[in-house]
Amino acid sequence: MNDFTAPAPHPSTRASRGVALFRDHGDDIEPLSHGRYQVPGCSGGCYVVDLAVFGGEESCDCPDHRHHPETACKHIHAAIMYRARVRMASRKARSPRYGAAAVAANLARMGA
Ligand SMILES: [Zn+2]
1320 MNDFTAPAPH
1330 PSTRASRGVA
1340 LFRDHGDDIE
1350 PLSHGRYQVP
1360 GCSGGCYVVD
1370 LAVFGGEESC
1380 DCPDHRHHPE
1390 TACKHIHAAI
1400 MYRARVRMAS
1410 RKARSPRYGA
1420 AAVAANLARM
1430 GA
């Protein structure tokens, strides 16, 4: 066993909740225009995350982020993971190993 793993100081951080949100609802994230994403919340509603592609700071309209604007809420974490996944898909599109059709099917499956 590898016992060098540091214990997590906070078992349920916003980042880890963002990972869980992306794992469970990543396919339900909808890209909007100008770097904004509609991210489903746990209680059924949706929040709009702005990843500030034109500068400024990332924001989300959920209550958590309103009360703690200095930290990224789980929706922002999930939107960043979503954006990374889309970017990876478009990088593959430029690689000769992956045809554009395959990537388009991939994006369609992701709801992009
Ligand atoms: Zn949020």
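The opening position of the sequence shown corresponds to residue 1320 in our numbering, with each subsequent residue numbered one higher. All residues carry an ideal CB built from backbone N, CA and C; glycine is no exception.
Measuring only the C-alpha atoms, how far is residue i from residue j?
i: Phe1373; j: Ile1399; result: 15 Å
i: Ala1427; j: Lys1411; result: 15 Å
i: Ser1362; j: Glu1377; result: 22 Å
i: Leu1370; j: Ala1424; result: 25 Å
i: Tyr1401; j: Ile1348; result: 8 Å
Restricting to Cα atoms, I'd like to know which of the options is closest to residue i.
i: Phe1341; options: Pro1388, Ser1409, Ala1397; result: Ala1397
i: Ala1403; options: Pro1382, Gly1354, Ala1424; result: Gly1354
i: Pro1350; options: Ser1414, Ala1391, Ala1420, Arg1406; result: Arg1406
i: Gly1345; options: Cys1392, Ser1331, Ser1352, Gly1360; result: Gly1360
Mind reading off the beta-carbon distance from residue i to residue j? Whole number of angstroms is fine, and I expect it under 8 Å.
i: Val1367; j: Ile1395; result: Actually they are not in contact, since the Cβ atoms of Val1367 and Ile1395 sit about 11 Å apart, beyond 8 Å.
Going by DSSP, name the residue or residues bridged to residue i.
i: Glu1349; result: Gln1357
i: Asp1369; result: Arg1355, Ser1378
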